[in-house]
Amino acid sequence: MLVCVTGGTGFVGAHSVAALLRAGCRVRLLVRDEAGVGRALRPLGVGPGAVETVVGDVTDEDAVAKAVSGAEAVLHAASVYSFDSRRADEMRRTNVRGTELVLAAALAAGAERIVHVSSVGALFPAEGPVIRTDSPVGAPREVYLATKAAAEQVARRHQAAGAPVVTTYPPALLGPDDPHLGDQNSRLRNELRGLMPLWPAGGLPVGDVRDTAAMHAALVTAPATGPARYFGPQHYLTTRQYVRTVREVTGRPLPAMYLPARAMLPFGLLTGVVQHAWPWHIPAEYGAVYTCAVAVPAEGDAPHGIVPRPVAETMADTVRWLYEQRYLTGRQAGRQAGTPSGGPGGGGGRG
8 MLVCVTGGTG FVGAHSVAAL LRAGCRVRLL VRDEAGVGRA LRPLGVGPGA
58 VETVVGDVTD EDAVAKAVSG AEAVLHAASV YSFDSRRADE MRRTNVRGTE
108 LVLAAALAAG AERIVHVSSV GALFPAEGPV IRTDSPVGAP REVYLATKAA
158 AEQVARRHQA AGAPVVTTYP PALLGPDDPH LGDQNSRLRN ELRGLMPLWP
208 AGGLPVGDVR DTAAMHAALV TAPATGPARY FGPQHYLTTR QYVRTVREVT
258 GRPLPAMYLP ARAMLPFGLL TGVVQHAWPW HIPAEYGAVY TCAVAVPAEG
308 DAPHGIVPRP VAETMADTVR WLYEQRYLTG RQAGRQAGTP SGGPGGGGGR
358 G
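Position 151 of the sequence shown, counted from 1, bears residue number 158 in our numbering, the numbering being contiguous throughout.
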């Protein structure tokens with residue numbers, strides 16, 4: 008089976024590509040930069056020449072059409088995931104327009120299975136205490152979540168017409184081998200560097216990127232069943248539980264104070280304004296606070312019997328990887344600091 012994957016050099020995409028290859032699929036990537044393919048896939052055991060590539064962007068109609076041509080399945084994982092308000096235009100182009108073009112091209116090319124990677128955040132704020140796969144699309148007041156909600160509307164229009172579009176809703180994902188050190192792994196790193204002593208009360212759904220990748224491979228290779236929606240493997244954690252788990256896996260005290268999330272929203276808005284003039288990224292983002300304020304648990308299991316691994320296991324693996332890649336010092340990684348896989352001297356840290 009030939010599978011076209013967009014976003015294959017990103018965190019979710021790269022892990023999903025590796026899972027698809029393990030399942031025996033041929034994989035073709037739509038990438039903006041071929042040089043990034045090796046950097047993203049080599050740590051996952053994917054060697055040179057294991058995938059085909061088409062160079063282009065998801066907002067380039069011709070490149071998208073070329074990439075999906077002849078593919079039996081399409082996994083649309085391309086997305087800009089950031090709460091950095093400076094990237095608003097980029098998120099709108101990639102997350103919304105890119106979804107419009109990729110899904111339309113996949114259908115025009117006759118793909119039998121089309122998996123659109125959405126987000127649980129597309130369903131926030133919820134109308135009740137839980138979200139379900141049939142919950143209405145949210146109307147979030149945050150740029151990233153708003154673009155994912157708009158992309159979700161695109162996918163649902165195709166589903167309503169009977170198109171074979173399957174939507175997945177991954178949670179906030181942690182895990183090793185993150186090609187670009189994305190938002191969630193960066194937040195965990197910042198917590199261990201002492202940059203996040205103040206937390207919003209509330210919670211968030213958390214999962215392991217490797218479990219989400221396994222789900223994507225299973226959905227792509229299973230017999231086509233028409234339109235469907237699935238939550239990714241996940242646990243709902245309060246922010247207190249999140250910090251407590253980080254303490255447990257590192258053995259560090261990590262002092263933290265918790266304030267009502269909605270009370271912190273004005274401060275988050277202020278940091279968003281300051282961020283436009285400040286050259287360095289500010290970790291106290293409005294989007295992160297807003298998510299904790301509106302997130303609720305998801306009701307429903309992941310497909311194909313995929314069970315989320317324990318959060319402590321995911322966090323331990325992630326912290327160990329951050330240490331091995333020198334994103335953390337040995338002191339910051341705590342008990343997860345060990346002999347770096349890259350050889351002696353690998354634990355000096357970027358923190």
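Quick reminder that beta carbons are idealized off the backbone N, C-alpha and C, glycines included.
- If only complete runs of 4 or more residues are kept, the stretch 80–126 shows the alpha helix (DSSP H) at 95–98, 105–115, in order along the chain.
- Listed as beta-bridge partners of His242 by DSSP are Val213.
- Around Gln343, the same chain offers Val256, Thr257, Ala323, Val326, Arg327, Tyr330 as residues with beta carbons nearer than 8 Å, after the five sequence neighbours per side are excluded.
- In terms of CA proximity to Leu82, Val71 leads the group Ser89, Met264, Val71.
- Annotation for Thr174: the continuous beta strand (DSSP E) segment containing it runs 172–176.
- In this structure, DSSP gives Arg163 a helical state, which the three-state scheme calls helix.
- In the DSSP annotation of this structure, the continuous segment of the alpha helix (DSSP H) that includes Thr325 starts and ends at 318–331.
- Taking a C-beta distance under 8 Å as the contact criterion, Val296 and Met271 qualify as a contact pair.
- Ranked by how close their Cα comes to the Cα of Gly209, the residues Glu41, Val303, Thr16 have Val303 in first place.
- Boundaries for Cys11: no alpha helix (DSSP H) harbours it, while the beta strand (DSSP E) harbouring it runs 9–13, taken from the DSSP string.
- Within the same chain, Cβ atoms closer than 6 Å to the Cβ of Ser142 are found at Leu130, the five residues on either side in sequence being excluded.
- Minimum Cα-Cα distance from Thr228 among the listed residues Ala21, Ala84, Leu28, Gly20 corresponds to Leu28.
- The three-state secondary structure of Thr16, taken from DSSP, is coil.
- Counted as a single uninterrupted DSSP element, the beta strand (DSSP E) harbouring Tyr265 occupies residues 264–266.
- A contact is defined here as three or more CB-CB pairs under 8 Å, and the stretch 143–157 fails this definition with respect to the stretch 305–322.
- The Cβ-Cβ distance between Ala78 and Gly17 does not fall below 8 Å.
- When the five nearest sequence neighbours on each side are left out, the beta carbons in the same chain lying within less than 7 Å of the beta carbon of Arg94 are those of Val87, in order along the chain.
- For Thr298, the enclosing alpha helix (DSSP H) begins and ends at 293–301.
- Leaving aside the five residues that flank Ala74 on each side, the residues in its chain whose CB is nearer than 6 Å to its CB run, in chain order, Cys11, Leu37, Val61.
- Counting C-beta pairs closer than 8 Å gives fewer than three between the stretch 186–197 and the stretch 168–176, which falls short of the contact rule.
- The beta carbons of Ile313 and Pro230 sit no closer together than 8 Å.
- Apart from sequence neighbours up to five positions away, the residues of its chain that approach Leu211 with a beta-carbon distance below 7 Å are Ala179, Leu244, Thr298, Cys299, Ala302, ordered along the chain.
- The beta-bridge partner set that DSSP reports for Val62 consists of Val38.
- In terms of Cβ geometry, Arg194 and His22 do not form a close pair [threshold 8 Å].
- Per the coordinates, the alpha-carbon of Pro204 lies some 14 Å from the alpha-carbon of Gln339.
- The C-beta separation of Val19 from Val127 comes to about 13 Å, leaving the pair out of contact by the 8 Å criterion.
- Here Pro132 is near Gly145, since their CB atoms are less than 8 Å apart.
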